[in-house]
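Everything on this sheet refers to the single structure shown next.
Numbering (the numbering used here), first residue to last: 606 to 718.
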């Protein structure tokens, strides 16, 4: 490969990475905290038709498994850990998330409008 072709390829790759990073920064972002078997907030209004970034923090003393099987979103967090998930574009309506380790009390609804 010539030096010119290599330089063009590297420029294209850099632009793709920068565009992807910019797109990720533009996602509507919402914070969710797991604490002692509960997900906070219990309800969250979010925009329909958009991908969302949910930042997750486990402030409790036990692990949590944050998930919604219909959306294929799942994340396990140990106590004190933080992470994030990105949802697919949400249809209008209520989307229930649960903490699999605390299914009776660890529930949260995303209300997409």
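Even glycine gets a Cβ: it sits at the ideal position worked out from N, Cα and C. Since we're looking at a predicted model, the values are computed, not measured.
Can you check DSSP and say which residues form a bridge with residue i?
i	result
residue 671	680 and 704
residue 644	639
residue 663	639
residue 715	649 and 700
Which residues in the same chain have their Cβ closer than 6 Å to the Cβ of residue i, if we skip the five residues on either side of it in sequence?
i	result
residue 690	659, 678 and 680
residue 701	714
Going by other Cβ atoms of all chains shown within 10 Å of its Cβ, with 16 needed for buried, is residue i buried or exposed?
i	result
residue 717	buried
residue 711	buried
residue 669	buried
residue 674	exposed
Are the CB atoms of residue j and residue i within a distance shorter than 8 Å?
i	j	result
residue 704	residue 657	no
residue 692	residue 676	yes
residue 694	residue 654	yes
Spatial neighbours of residue i within its chain, please: C-beta separation below 7 Å, excluding the five flanking residues on both sides.
i	result
residue 684	663, 665, 666, 667 and 668
Please work out which residues of its chain come closer than 8 Å, Cβ to Cβ, to residue i, disregarding the five sequence neighbours upstream and downstream, and give them in chain order.
i	result
residue 687	660, 661, 662 and 663
residue 649	635, 637, 713, 714, 715 and 716
Touch test, the region 657 to 675 against the region 633 to 641, Cβ-Cβ under 8 Å, three pairs minimum: As far as the Cβ criterion goes, the region 657 to 675 touches the region 633 to 641, which means the pair count is three or higher.
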